[in-house]
Amino acid sequence: MSTENTGKELAPLADPGLPEHVHRKADVDPRAAQRAERQVGILFLLSVVGTLLFVYAYVGIDEDLFVFVPVMGNTNAHQLFLGLGLAMALFFIGMAAVHWAKTLMPDHEVIDQRKEQRSKNEDREDFVTTVKERSAEAGLGRRPFIKRTMGLALGLVGISPILLLRDLGPLPGNDLNETNWKAGTRLVTDPGDRPIKPSDLEVGGVVQVQPEFPPNKERHLDDIAQDSLLLIRIRPEEFNLDPERLSWTYEGIIAFSKICSHMGCAVALYEQTTKHLLCPCHQSTFDVTRAAKVIFGPAARPLPQLPITVDNEGYLVAKAPFNEAVGPSFWGRDSK
Amino acid sequence: MSARERVAGQVANYVDERTGSAKWLKKTLTKVFPDHWSFMLGEIVLYSFIILLLSGTFLTFWFDPSMREVEYEGSYEPLSGLKMSAAYASTLHISFDVRGGLLMRQIHHWAALIFMAAMVAHLMRVFFTGAFRKPREFNWIIGVGLLTLGIVEGFLGYSLPDDLLSGTGIRIAEAIIQAIPVVGSYLSYFIFGGAFPGEMFIQRIYTVHILLLPGIFLALITAHLMLVWYQKHTQYPGPGRTEKNVVGYPLMPVYMAKAGGFFFIVFGVTAFLGAVASINPVWIYGPYNPGQIGAGSQPDWYMGWLDGLVRMAPPIETHAFGYTISWNILIPGLIIPGIIFTGMALYPFIESWMSGDKREHHILDRPRNAPNRTALGAMSITFMLVTLINGGNDLLATHFDLSINQIMWFSRIGVIVLPPLVFVITKRICLSLQRADRELVLHGRETGRLVMLPHGEFIEVHEPLTREKLFTLTQHEQPAAIEPVASDENGVRNPKGAKAKLQARLSRAHSEQVAKPSSKEMLEIEDHH
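Here you go:
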């Protein structure tokens, strides 16, 4: 027997019609029917028990009471019994209704006839004639001026709501290309806002920093979303950088934007032995020794590197602003 | 007439004199619905939507959709005194200082997961049984719309608490918006009211989450159900079931009790999950801060495939003339999902074009009898599963001691190789099942009883099938493929040559079948009876 297409429709076996109805026990045995009735009633009563449990839990169980439940561990008893009560109350109403329907309500299958969705031909013709007549009455076809001006008016009126949405936000301008890092901005710890000396950071250490703000300026989440920096210290001879990038480091300390160049998550996982930075969102992996070159994952660009040095008090500062936009790519990003 | 009957009669009279609804109601109450467990999947979607409306309304009484910075003073000690958004603080308030608040939050979140899962299961049922065919294409499209909006609604919902995990999700969504060529950064600044994260986002998505999208859901679900009602439900093949009838139980009382009862069962199970299964414990994550992140960040399951696609994307960006196009975001984040959902919405029309079948269908297909469609469905599921696996690659790596690189490369190759492979295998399985059906019809059921014939030969006794079973196994059509028409009888080349050829080729693949027993063979069986 092969897989083939015979092409001709084979006469199907004649439809034997609905199978004979088989009576349930409750249909023929009054005692079985009574039993089913009792079962339905008990299920409804179980729901009542659930509601009572819910009310008791609400007023009677202390909100701070914790109990140990296997698998779940330490659990808030108040929330647990509120939930169990509610679940019981609802579930058993459902079970009662379904059990009632399955045991006591009629189980005779009923046949209903379908008709084709399509309207009758004369109705369809009537419809077409009506539409044609009525639109002729409106005279759209004969009055092109009205038609065109109406089209124009309806088309233009949509501008208003769209225009109203303009004030949803400012234009990005150069915002995405700039951060609060300027030449000479001090690096401060996050959290803590303390300036950092190179000696504060041991080899193998990593610390999150922000730019120092003047006392009257508050740091918002928008700033953190652009300024966050990871400061990593390794042995200087471990760097594999071109001379320019090497000059952006200071005594083995290198600074990268913490905002992933892929989709902007915080690149928070630093693997000390391999000197890899890993973004927990999509696993882009960056090699710290090679200026955060992407060695795995979907990110297409290295993390931007901030040139750093120390000021005359010996604190770490930015030598210059970032020379590229931090965070995820966008259309107007000046590509390098 | 009892007093109760008299009162009921008066009420009915009062309403009918004003609305004339008696005739319509009589018809409605005796309306017939076919019975099958798989028809309950759509019901679960509807019921969890109602649960979402109820539990969501409760949550709005305390939730403060604002990114205004506040100091937390509630009863959850570990976060005491911490600066956070009012949205996050009010979520903590609901969880710890409103009695039943945590329960409601968890019911709401579980109901959302069930809503999406049931929707996907319902979609598969409709797809694999061919229920989307004429006249139900509109309902299929409405369904695809509901699925798409459901994903968005779910995402916005779990973003509202403004915790570290959800904030990270919003950050990723922002990156996708920002990646749209030309207008991306403008769109992002409009949506967020400036630079990310800004101070507007939570209150904006709140309006969308509790008003705009639920309103659209209500409208679409109403239209969906009205069409089901009006077109009458499909039914599985079987004796007495034809394209011209619908066999089942009446709305009153059987379906009122069954469907109404099922609502309470779904609600009860959701409440049970809300009681015992912790979900989205936002107090563990802490408030959102763009400079921080938790390890193992995972979206809700229905976003997992999208995250998996983004994770496996190759690192490609185009840099030209001072502009950047992030293919590593656009392809997995917008282009592939766009193709998937458009293709899904158009599938009924594609299939009708492939088969050339323009008739109404109310009898469902057994999946094996539509091998091409079943194989396409299995192929799509495989694609989704591979992407979903990759969406959890970090968790899989830690739980099963694998490296993320291994899983990533498995997914990158698997997402291309496995779906076609599964297509071929599924199609072969379907055809084998058809062959098994054919055997069953012609030779009956194996009984396992061995009999020794007088001349010593052993045979196994085969029991003929019942007429009902025979009918069920043979009632389906096996339409022929469309013949390509290269030129008409006058030798004029078909102007739609290439298109017709493609259609014929697809039609051939679509109508591949194991021939069911011929009329002659069937007659022989009839004689046996």
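Quick note, the sequences are listed as chains A and B, same order.
Residues 0 to 335, numbered by numbering that gives the first Met the number 0, are exactly what the first sequence covers, in order.
Residues 0 to 528, numbered by numbering that gives the first Met the number 0, are exactly what the second sequence covers, in order.
Glycine included, each C-beta is placed from N, C-alpha and C at the ideal position.
Taking residue i as part of the alpha helix (DSSP H), name the residues at either end of that continuous run.
{"i": "B:I169", "result": "163-178"}
{"i": "A:D221", "result": "220-226"}
{"i": "A:H275", "result": "No alpha helix (DSSP H) holds A:H275; the beta strand (DSSP E) holding it covers 275-277."}
{"i": "A:D111", "result": "That residue, A:D111, is in no alpha helix (DSSP H); its beta strand (DSSP E) goes 109-112."}
{"i": "B:I283", "result": "281-284"}
{"i": "A:F238", "result": "Run containing A:F238: none; DSSP gives neither H nor E here."}
{"i": "A:V309", "result": "Premise fails: A:V309 lies in the beta strand (DSSP E), 307-309, not in any alpha helix (DSSP H)."}
{"i": "B:V151", "result": "136-158"}
{"i": "B:W36", "result": "Here B:W36 belongs to no alpha helix (DSSP H), and DSSP marks it neither H nor E."}
{"i": "B:Q230", "result": "212-230"}
{"i": "B:T307", "result": "Here the sequence assigns Gly to residue 307 of chain B, which means Thr is not the residue at that position. Element bounds for B:G307: 300-311."}
{"i": "B:G342", "result": "335-354"}
{"i": "B:Q474", "result": "It is not in any alpha helix (DSSP H) - B:Q474 carries neither H nor E in the DSSP assignment."}
{"i": "B:F261", "result": "255-275"}
Which residue's Cα is closest to the Cα of residue i: the options?
{"i": "B:I292", "options": "B:I171, B:I424, B:M123, B:Y322", "result": "B:I171"}
{"i": "A:K24", "options": "A:L17, A:P15, A:R34, A:P18", "result": "A:R34"}
{"i": "B:M576", "options": "B:W228, B:I169, B:H509, B:G80", "result": "Because chain B in this structure spans residues 0 to 528, residue 576 of chain B falls outside the shown range and cannot be described."}
{"i": "B:L472", "options": "B:P366, B:I388, B:G376, B:A497", "result": "B:P366"}
{"i": "B:T221", "options": "B:L145, B:R427, B:N389, B:T373", "result": "B:L145"}
{"i": "B:I362", "options": "B:Q230, B:G153, B:L58, B:V151", "result": "B:Q230"}
{"i": "B:L529", "options": "B:N371, B:K426, B:I406, B:G267", "result": "Summary: the structure shown does not reach residue 529 of chain B, with chain B confined to residues 0 through 528, and so no result is reported for it."}
{"i": "A:H281", "options": "A:A137, A:F295, A:Q271", "result": "A:F295"}
{"i": "A:P190", "options": "A:L228, A:E136, A:I307, A:A56", "result": "A:L228"}
{"i": "B:F195", "options": "A:T272, A:E237, A:G168, A:V70", "result": "A:G168"}
{"i": "B:P516", "options": "B:R504, B:Q474, B:I481, B:H509", "result": "B:Q474"}
{"i": "B:P535", "options": "B:F95, B:D364, B:L122", "result": "Look at the range of chain B in this structure, 0 to 528, and you will see that residue 535 of chain B is not part of it."}
List the endpoints of the continuous beta strand (DSSP E) containing residue i.
{"i": "A:Y269", "result": "268-270"}
{"i": "A:S256", "result": "252-256"}
{"i": "A:T74", "result": "72-75"}
{"i": "B:Y248", "result": "244-249"}
{"i": "A:P210", "result": "205-210"}
{"i": "A:A290", "result": "No beta strand (DSSP E) holds A:A290; DSSP gives it neither H nor E."}
{"i": "B:F563", "result": "Beyond the ends of chain B as shown, which are 0 and 528, falls residue 563 of chain B; an answer cannot be given."}
Should residue i be counted as a contact of the ligand GDP given a C-beta to heavy atom distance under 7 Å?
{"i": "A:D106", "result": "The ligand GDP is absent from the structure shown, which contains no ligands of any kind."}
Near residue i, what residues of its chain come up, given a Cβ to Cβ distance below 7 Å and the 5 sequence neighbours on each side ignored?
{"i": "B:M343", "result": "V143"}
{"i": "B:N12", "result": "none"}
{"i": "B:I140", "result": "A344"}
{"i": "B:F382", "result": "V414, P418"}
{"i": "B:T147", "result": "F340"}
{"i": "A:D222", "result": "N179"}
{"i": "B:M451", "result": "F457"}
{"i": "B:N389", "result": "G307, R310, M311, I406, M407, S410"}
Tell me the DSSP bridge mates of residue i?
{"i": "B:S325", "result": "B:E316"}
{"i": "A:A265", "result": "A:I258"}
{"i": "A:R185", "result": "A:V316"}
{"i": "A:P194", "result": "A:V187"}
{"i": "A:Y249", "result": "A:I252"}
{"i": "A:Q33", "result": "Paired residues: none, contrary to the question."}
{"i": "A:R232", "result": "A:I252"}
{"i": "A:T284", "result": "A:L277, A:F295"}
{"i": "A:V68", "result": "A:G72"}
{"i": "B:F32", "result": "B:Y248"}
{"i": "B:Q234", "result": "B:I362"}
{"i": "A:Q304", "result": "A:F255"}
Output needed for residue i: all residues of its chain with C-beta closer than 8 Å, excluding positions within five of it in sequence on either side, in chain order.
{"i": "B:D34", "result": "G247, Y248"}
{"i": "B:G295", "result": "D393, L394, T397"}
{"i": "B:S277", "result": "Q105"}
{"i": "A:V68", "result": "T74, L79"}
{"i": "A:G326", "result": "L175, A224, Q225, S256, I258, C259, S260, G263"}
Excluding five sequence neighbours on each side, which residues of the same chain lie with their C-beta closer than 6 Å to the C-beta of residue i?
{"i": "B:G376", "result": "F126, F127"}
{"i": "B:L81", "result": "Y71"}
{"i": "A:R244", "result": "A290"}
{"i": "B:S47", "result": "A110, I113, F114"}
Next item on the list: Jot down the residue ranges of each uninterrupted alpha helix (DSSP H) in the segment 498-527 of chain B, minimum 4 residues, whole runs only, in chain order.
Entry: Runs found: 518-527.
Item checked: Within the segment 50-134 of chain B, ranges of the beta strand (DSSP E) (whole runs, at least 3 residues) -> Those beta strand (DSSP E) runs which fall completely within the segment 50-134 of chain B and span 3+ residues are 68-70, 82-84.
Check: In chain order, which beta strand (DSSP E) runs of at least 3 residues are fully inside the segment 433-471 of chain B?
Finding: Taken in chain order, the whole beta strand (DSSP E) runs of length 3 or more contained in the segment 433-471 of chain B are 444-451, 457-462.
Notebook entry, point to check: Going along the chain, which residues of the segment 180-205 of chain B sit with their C-beta nearer than 9 Å to a C-beta in chain E?
Noted result: Looking for chain E here will not work: the only protein chains present are A and B.
Check: Quick one: complete alpha helix (DSSP H) runs, 4+ long, within the segment 100-160 of chain A?
Finding: Listed in chain order, the complete alpha helix (DSSP H) runs (minimum 4 residues) inside the segment 100-160 of chain A are 120-137, 143-156.
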